[in-house]
Amino acid sequence: MASRIARVAAAVLLLLGACWAAMAADDSPESLEQQVKAAFLFKFIGYVEWPAEAFADPGSPLVIGVAGDDSLAQELGRVIARRTMNGRAVSVRQLRSGESLAGIHMLFASRSQLARLGELSAHPRPVLAVTDVAKGLEQGSAINFVTAGNRVRFEVSLDAAKRNGLKIGAPLLSVAMRVQE
Amino acid sequence: MGSDGSRPSGRLKICGGCLAAWLSAFVNLPAAGAGPDSSSLADLSLEELGNIEITSVSRRPERLSAAAASIFVITHEDIRRSGATSLPEALRLAPNLQVAQTGAAQYAISSRGFNNANALANKLLVLIDGRTVYSPIYSGVFWEHQDVLLEDVERIEVISGPGGTLWGANAVNGVINVITRSAGATQGGLVSLGGGDGEAGGAFRYGFALGDRGHFRIYAKATDLDNTENFSGASLPDGWRSQQAGFRADWGQASRNFTIQGDAYTGRGDSRAVAGPVEVSGFNLLARWNEQFESGSDFQLQAYFDRSERKDQALFQGDADTYDIEFQNGIPLGRHKVLWGAGYREASDDVAMTRVPVAPGFTFVTNFVPRSRKLTWENVFVQDEIHLGATVKLTVGVKLESNDYTGWETLPSARLAWESSDNHLLWGAISRAVRAPARLDRDFFLSADVGVPPLVNIPIIDGGPDFESEIAEVAEIGYRAQPWTNFSYSITAFFSEYSKLRSGQPSPAAVIQNMMGGDVYGVEAWASYQATDSWRLSGGLVELRKDLGLDPGSTDPEGPRALGNDPEHQWMLRSTLNVTPNHDFDIMVRGVSDLPDPAVPDYTAVDMRLGWRPQGNVELSATIRNLFDPGHVEFGNPATASELGRSVYFKLLCHF
């Protein structure tokens, strides 16, 4: 009797073994952490108020620029594919070095692209800067991802948002791990 | 065994055929296509996104919807809104558990059948923050020993079905993983005071920062439960008073963090006529080190000590000191994610003889021979999670675990999951799990001293010198989906073959054997529907059928009734409504069909809770249990068992 399920198990394993080899090589899916961060970036839009002049016209899309993290940009591309936020289409742009921030509403700067934050400090404009580095807020970003207890959380700098003419809604602040005035 | 030769195995063959058919359907799918992407994550709320982590099934963080197992997660919020005042009461929220209250603080809790009282429900493994609370002496859980500050519980993961490959022997029918919040997430003060019909309790917790990167919390709580009554109104001496205190420290960062935590408790029951009170006490200390490397690999090293003492003149009185150390290491290798680990556990116990005079000239005597014993367990496991293309994931693994009674046991499993891009997951699994012998199976002697001195000692049970591990082989298939953002459901069908289950012999001098077996099969399902922003409906049901019998040659006079008393149907419905942002109104209805032997009538229980937050940091609540019910029995012989009726509990919860 021990063996009825054991026999099925053996058959299934054999079947799978035979099929493994035939499987085309495939990239492993993006890490869960990247998926969660991409989802967060999209959700943030719903809680931030951009000045009207940030958009060419009321119907123009909101553009998220991603600097230095192509896998996150791709992940984000999947998130926004079938979605709008507050009736506005969202698009993602992979920012190359030297590429201007013109037309960008949210900027994700990876560790290697933190210099981008300097551009915002020097020339404030309605761009929500997001980072995922230690002391990110101190370097000028408005939202910084923090991994705590195996979860992705974030902290918010109201000052950085205000400097760039953005308002951050209370629901976002209530979920933030830390809010810097 | 009865189920072996005499009955055709057609059902499983059909099952196996289906399994093979759908497996081959998957492997022929093109490997391209959108992966289990973040698309569905974007439908979660900010809070939910920030709380994504799931550890039990894969022993590492995983998105719930991707876990290839029948797992239900009880969240912190669920616990708060249930008004539960104890861990077993909170477990009623899991549709895939059978929870029956047997006394003021005593419960019979199981999954997929085999439920039994007095820690005899032996197929469910329970862990609190990684520390197993399953007794190596009795192979079960004494629920009155297990307490946590419910306000600090992050979530309770309830897996029904075998979990031996990761969790080892005894995770035969399920694993319950109680996970408390890190000290960093429980900063500041909390005071909770409650009282009502037959119950009063209070708790205090304070959390503070420990240097730059560390946090610390301490807590203390006390509970006082009155005696319950049986159907005739007679008071049963099961009242319970317990106190517990503990701490937890966490420091470090995501890439390297450390936890040290500990608890100490004491509990005492009402005094019984002959046997006096049940008295329990214990403490534990646990340390854990987690490390995550930039390469994506990680490891965890955990060690703990646990002491538990139990004095019960009527049943068992044993003390046990348990040391446990375990290591696990996860390594991503392209399409593979390998997880391996090893562990060692040692438990030294001392089980005193008990003498229970039941009538003049007749005294029951229980003995464990040898009285003291040191048991050791060693284990190694390896599991590989293989992405067969973007949407199909195969997880194969095996654990080898040794015990002093039967040597090395093999606990393999294979799980296959297909997650289509639109948040539907189809999974199947085959596993082998064992329940290794406990002291109770091998070393337990029961006799009676009869007559006036000189007494004659008549042996009733003479241990189980040849008792081996009980074995379960389980096939499961499940489907989980979130077709709309506000609706999700999960369905699991399982078929389990048991062999070498514990059986007895007619006394005198009965020997404990492994001569029972058979099939248990059923369906578990649950769903959740967010009807409006403020109103959620959820429900669940379990259908369970058992077909157990004695093996040929067994002389067991009891048969399968000794292995548990389980309902065929069980269902629950919950409504959680935010009347205003500061007012909760919650209802839970549970229905349990009759238990066969001893016969316990079916019952439907309605619990209701009203919560009010006059200020953000203060909550007042009233919970009414068994609202429309003057009294019902949940387990045991209805002529003598505790009858549970309407009760009200008021609670004040204050954060500062």
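Protein sequence lines correspond, in order, to chains H and Z.
Residues -19 to 161 (our numbering) make up the first sequence, in order.
Residues 458 to 1113 (our numbering) make up the second sequence, in order.
Glycine included, every Cβ here is placed at the ideal spot set by N, Cα and C.
Using a Cβ cut-off of 8 angstroms (strictly closer), state whether residue i contacts chain H.
i: Z/Glu504; result: yes
i: Z/Leu501; result: yes
i: Z/Leu883; result: no
i: Z/Leu554; result: no
i: Z/Leu1007; result: no
i: Z/Gly671; result: no
i: Z/Val1105; result: no
i: Z/Leu498; result: yes
i: Z/Gly507; result: yes
i: Z/Ala491; result: Because the pLDDT at Z/Ala491 is just 30, under 50, the model does not fix this residue reliably, and the value given afterwards should be weighed accordingly. With 8 angstroms as the cut-off, Z/Ala491 counts as an interface residue toward chain H.
Measuring only between beta-carbons, confirm whether residue i sits less than 8 angstroms from chain Z.
i: H/Arg133; result: yes
i: H/Ala19; result: yes
i: H/Leu193; result: The shown model of chain H, from -19 to 161, leaves out residue 193 of chain H, and the question about it has no answer.
i: H/Val155; result: yes
i: H/Val164; result: An answer regarding residue 164 of chain H cannot be provided, because it is not within the stretch -19 to 161 covered by chain H.
i: H/Lys23; result: yes
i: H/Val59; result: yes
i: H/Gln160; result: no
i: H/Gln93; result: no
i: H/Val16; result: yes
Just list the residues that DSSP pairs residue i with in beta bridges.
i: Z/Gln987; result: Z/Arg993
i: Z/Thr1033; result: Z/Arg993 and Z/Asp1043
i: Z/Leu1110; result: Z/Ser649 and Z/Glu1076
i: H/Asn124; result: H/Thr111 and H/Glu135
i: Z/Glu866; result: Z/Glu858
i: Z/Trp697; result: Z/Leu682 and Z/Gly726
i: Z/Phe944; result: Z/Trp941 and Z/Tyr986
i: H/Glu161; result: In the DSSP output, where bridge partners are listed per residue, H/Glu161 has none listed.
i: H/Tyr27; result: In the DSSP output, where bridge partners are listed per residue, H/Tyr27 has none listed.
i: Z/Asn634; result: Z/Leu584 and Z/Glu614
i: Z/Ser752; result: Answer by DSSP bridge pairing: none, since Z/Ser752 is not bridged.
i: H/Val46; result: H/Gln74 and H/Phe88
i: Z/Lys850; result: Z/His844 and Z/Ala874
i: Z/Leu883; result: Z/Trp875 and Z/Tyr936
i: Z/Asn714; result: Z/Gly709 and Z/Asn747
i: Z/Arg959; result: Answer is none; Z/Arg959 lacks a bridge partner.
i: Z/Ala895; result: None, per the DSSP bridge assignment.
Label residue i either buried or exposed according to how many other C-beta atoms from any shown protein chain fall within 10 Å of its C-beta, with 16 as the threshold for buried.
i: Z/Ala1098; result: buried
i: H/Phe88; result: buried
i: H/Ala150; result: exposed
i: Z/Val999; result: buried
i: Z/Asp790; result: As written in the sequence, residue 790 of chain Z is Leu, which differs from the Asp given in the question. Z/Leu790 comes out exposed.
i: Z/Gly726; result: buried
i: Z/Phe952; result: buried
i: Z/Trp624; result: buried
i: H/Lys23; result: buried
i: H/Ala122; result: buried
i: Z/Glu504; result: exposed
i: H/Ala69; result: exposed
i: Z/Glu927; result: buried
i: Z/Asp861; result: exposed
i: H/Asp37; result: exposed
i: Z/His1040; result: exposed
i: Z/Thr1012; result: exposed
Since residue i contacts residue j with CB under 8 angstroms, what's their CB separation in whole angstroms?
i: Z/Gly664; j: Z/Arg674; result: 4 angstroms
i: Z/Phe762; j: Z/Leu742; result: 5 angstroms
i: Z/Val635; j: Z/Val610; result: 6 angstroms
i: Z/Arg549; j: Z/Glu608; result: Between Z/Glu608 and Z/Arg549 the Cβ distance is about 18 angstroms, and since that is not below 8 angstroms, they are no contact.
i: H/Val132; j: H/Lys17; result: 6 angstroms
When you check each C-beta in the stretch 62 to 89 of chain H against every C-beta of chain Z, which residues fall closer than 9 angstroms?
-> Arg62 and Arg63
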